[in-house]
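Residue numbers (our numbering): 1 to 376. Beta carbons are placed, not taken as given, at the ideal position from N, Cα and C, and that holds for glycine.
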Ligand SMILES: *Cc1c(COP(=O)(O)O)cnc(C)c1O
C-alpha cells in the first residue's frame with residue numbers, strides 16, 4: 001500500500017521531549033516554545049508569533065483580536081477547510097463566501113468587491129496547497145474599504161508571495177502543524193501578529209485573558225483577569241516536538257519540493273493534451289511542496305481514476321467539499337453559485353506526497369495515472 005500521508009520524524013523529537021520533561025516545566029511558554037518563536041521570527045522575519053494548540057485556535061484568536069461581533073460579515077473562500085469559516089462564525093460573524101479562480105483553488109479577488117457591505121469586517125484568504133493568493137490585489141481592496149486581512153497559512157510554511165513570506169502580509173496569519181502538514185507537532189499551530197496594535201492583547205488572549213506575560217516581566221504588580229481569552233498555548237512538550245522539526249525545515253522542504261517537481265514533470269504530458277489539470281503557480285507565487293493535486297475533467301473521471309489507484313494500493317484523496325453547500329451553511333442561507341469551487345470539490349484529487357515517499361513508489365503512482373489515460 002502507498003499511503004496518502006506518512007508523518008515524518010527527524011529523529012530528534014524524543015530527545016527534545018525528554019529535555020522538556022527533565023527541565024520540570026512542561027506547561028506552555030517554556031524553553032522550547034521560546035526556541036520555536038525565535039526560529040520563526042528570525043527565519044521569516046515575522047514580527048511576533050505565538051504557538052497555539054492548532055491553526056483552528058490561531059484563527060479563533062484572530063477573530064477575537066479583530067473584535068468580530070454578531071452581525072459582522074467576514075469574506076471567506078468557499079473552497080477551504082471548515083476552520084477558516086468556523087473561527088469567525090463562533091464569534092457570531094455572518095460568513096460571506098467567495099469563489100475560487102478557474103485555474104487555481106485560491107480566492108479570486110475579482111469576486112470580492114461585490115460582496116463587501118457596510119457590515120464587512122475582514123477578508124480571510126487561504127493559500128491553498130501553499131500557493132500564494134494575489135496579496136497585492138487583496139490588500140488594495142481591504143485598504144480601500146478599511147477591512148482586516150487574515151491569512152489562513154495552514155498549508156503555507158516557507159512559501160512566498162514575490163519575496164515576502166506567506167503569513168507576513170495580512171494583519172494576522174495562522175499556521176498549522178497538524179500531522180498532515182509539512183512540519184508537524186501532532187496537533188499544533190501558530191498565530192502571526194504583523195500589526196503591532198494586536199501584540200499586547202494577543203498575549204493576554206493566549207494566556208486565558210490574564211496579564212501573566214506582563215506580570216512575569218515585572219511590568220504590572222498584580223496577576224489578574226483583564227480580558228476574554230482561552231487556553232490557546234500548547235504545552236512545552238508539543239513545542240519540543242515542533243522544534244525538532246523546525247531544525248530540519250530545509251531538509252524537509254528540499255525533499256517535498258523534489259517530489260512535487262517530479263510529479264509535475266512526469267504528468268505534464270497529460271495536461272499538455274488537456275486530459276487533466278495540474279497545479280498552476282502564478283508568477284508571484286512559489287511552491288512549498290505541501291500538496292500535489294490533479295484536476296480531472298469531471299467528477300466521473302475522478303471517481304474512475306481514484307478507483308484505479310485504490311485497486312493498485314495507492315491512496316489518493318479528494319479534498320474539501322465547498323462550504324457554501326455544506327449542510328450547516330445551506331440550512332440558513334441562500335446557496336450562491338460558485339462554479340469554480342464546485343469544480344475543485346468534484347474534480348480535485350490529491351496524490352501521495354510525504355518525506356519518505358520513495359522514487360519507486362512515486363513511479364507507481366505516476367505510471368498508474370498515465371496508464372489510466374492510455375486506457376481511457
Ligand atoms: C489544516 C488546515 C486547517 C486546520 O489546521 P489545524 O491545525 O488542524 O487546526 C485550517 N485551514 C486550512 C486551510 C488547513 O489546511
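Checklist entry - What beta strand (DSSP E) runs, 3 residues minimum, are completely inside the segment 111-193? => result As far as the segment 111-193 is concerned, its whole beta strand (DSSP E) runs of at least 3 residues are 120-126, 148-152, 172-176 and 189-193.
Checklist entry - Are residue 167 and residue 150 close, meaning C-beta to C-beta below 8 Å? => result Against a cut-off of 8 Å, the Cβ pair of residue 150 and residue 167 comes out as no contact.
Next on the checklist: How far does the alpha helix (DSSP H) with residue 311 in it extend, from its first residue to its last?
Outcome noted: Here the alpha helix (DSSP H) through residue 311 covers 299-311.
Checklist entry - Measuring CB to CB, does residue 55 end up less than 8 Å from residue 174? => result Taking 8 Å as the Cβ cut-off, residue 55 and residue 174 qualify as a contacting pair.
Next on the checklist: If I follow the unbroken alpha helix (DSSP H) through residue 94, where does it start and stop?
Outcome noted: Note, residue 94: premise wrong, no alpha helix (DSSP H); beta strand (DSSP E) at 94-98.
Checklist entry - What residues match up with residue 52 in a beta bridge as DSSP calls it? => result Residue 52 has 189 as its beta-bridge partners, per DSSP.
Checklist entry - Should residue 83 be counted as a contact of ligand 1 given a C-beta to heavy atom distance under 7 Å? => result Proximity of the beta carbon of residue 83 to ligand 1 is indicated: a heavy atom of the ligand is located closer than 7 Å.
Checklist entry - If we ignore side chains and look at the alpha-carbon of each, how far apart do residue 326 and residue 261 end up? => result Cα-Cα distance, rounded: 34 Å.
Next on the checklist: Does the distance between the C-beta of residue 152 and the nearest non-hydrogen atom of ligand 1 fall short of 7 Å?
Outcome noted: Yes, the beta carbon of residue 152 sits closer than 7 Å to at least one heavy atom of ligand 1.
Checklist entry - Are residue 190 and residue 300 closer than 8 Å when you measure CB to CB? => result Between residue 190 and residue 300, the C-beta gap is not smaller than 8 Å, which leaves the two residues out of contact.
Item to check | Alpha-carbon spacing of residue 324 relative to residue 335, whole angstroms | outcome: Cα-Cα distance, rounded: 6 Å.
Checklist entry - Is residue 36 near ligand 1, judged by its Cβ being under 7 Å from some heavy atom? => result Residue 36 Cβ: outside cutoff for every heavy atom of ligand 1.
Checklist entry - In chain order, what residues of the same chain have a beta carbon less than 6 Å from the beta carbon of residue 48, not counting five sequence neighbours either side? => result Excluding residues within five positions, the ones whose Cβ falls inside 6 Å are 193 and 199.
Item to check | Backbone CA spacing between residue 270 and residue 137 [nearest angstrom] | outcome: Rounded to the nearest angstrom, the two C-alpha atoms are 32 Å apart.
Checklist entry - Quick one, which of 295, 375, 364 and 356 has its alpha-carbon nearest residue 312's? => result Across the set 295, 375, 364 and 356, the C-alpha of 364 shows the shortest separation from the C-alpha of residue 312.
Checklist entry - By Cβ distance, which residues of its chain are closer than 6 Å to residue 44, with the 5 residues on each side in sequence left out? => result Apart from sequence neighbours up to five positions away, the residues of its chain that approach residue 44 with a beta-carbon distance below 6 Å are 165, ordered along the chain.
Item to check | Cβ-based burial, residue 196 [other Cβ within 10 Å; buried from 16] | outcome: Looking at its Cβ environment, which holds fewer than 16 other Cβ atoms inside 10 Å, residue 196 is exposed.
Checklist entry - Comparing the CB of residue 80 with every heavy atom of ligand 1, is any distance shorter than 7 Å? => result Indeed, a heavy atom of ligand 1 lies less than 7 Å from the Cβ.
Next on the checklist: Looking only at its chain, what residues have a beta carbon closer than 7 Å to the beta carbon of residue 240, apart from the 5 residues adjacent to it on each side?
Outcome noted: If we look at residue 240 and ignore the five residues flanking it on each side, its Cβ neighbours are 16, 17, 19, 20 and 32.
Checklist entry - My guess is that residue 80 and residue 152 are in contact by the Cβ rule of under 8 Å, so how many angstroms apart are they, rounded? => result So it is a contact: roughly 7 Å between Cβ atoms.
Item to check | Alpha-carbon spacing of residue 143 relative to residue 90, whole angstroms | outcome: Whole-angstrom Cα-Cα distance: 25 Å.
Next on the checklist: Along the chain, where does the beta strand (DSSP E) containing residue 336 start, and where does it finish?
Outcome noted: That residue, residue 336, is in no beta strand (DSSP E); it is neither H nor E in DSSP.
Checklist entry - For residue 77, which beta-bridge partners are listed by DSSP? => result In the DSSP output, where bridge partners are listed per residue, residue 77 has 98.
Checklist entry - Could you give the distance in angstroms between the alpha-carbon of residue 201 and the alpha-carbon of residue 125? => result The straight-line gap from Cα to Cα measures roughly 23 Å.
Item to check | Identity of the residue in 345, 93 and 307 nearest residue 320 by Cα | outcome: A check of alpha carbon separations from residue 320 across 345, 93 and 307 identifies 345 as the nearest.
Next on the checklist: Output needed for residue 169: all residues of its chain with C-beta closer than 8 Å, excluding positions within five of it in sequence on either side, in chain order.
Outcome noted: Closer than 8 Å at the Cβ level, and outside the excluded window around residue 169, lie 135, 139, 149, 151, 161 and 194.
Checklist entry - Should residue 155 be counted as a contact of ligand 1 given a C-beta to heavy atom distance under 7 Å? => result Checking the 7 Å criterion, the Cβ of residue 155 is within range of a heavy atom belonging to ligand 1.
Checklist entry - Under the three-state reduction of DSSP, which class applies to residue 287: helix, strand or coil? => result Under the three-state reduction of DSSP, residue 287 is assigned to coil, being neither helix nor strand.
Item to check | Residues near residue 322 in its chain [Cβ-Cβ closer than 7 Å; skip 5 each side] | outcome: 78, 79, 338, 341, 342 and 345, listed in sequence order.
Checklist entry - By DSSP, does residue 231 sit in helix, in strand, or in coil? => result Residue 231 sits in a strand when the DSSP states are folded into three classes.
Next on the checklist: I want to check one thing, is the minimum distance from the CB of residue 189 to the heavy atoms of ligand 1 below 7 Å?
Outcome noted: Residue 189 has its CB nearer than 7 Å to a heavy atom of ligand 1.
Item to check | Within 8 Å, strictly: CB atoms of residue 105 and residue 352 | outcome: Not in contact: residue 105 and residue 352 (Cβ atoms no closer than 8 Å).
Checklist entry - What are the start and end residues of the alpha helix (DSSP H) that includes residue 365? => result First-last of the alpha helix (DSSP H) with residue 365: 359-375.
Checklist entry - Just how far apart, CA to CA, sit residue 258 and residue 115? => result Roughly 39 Å between the two C-alpha positions.
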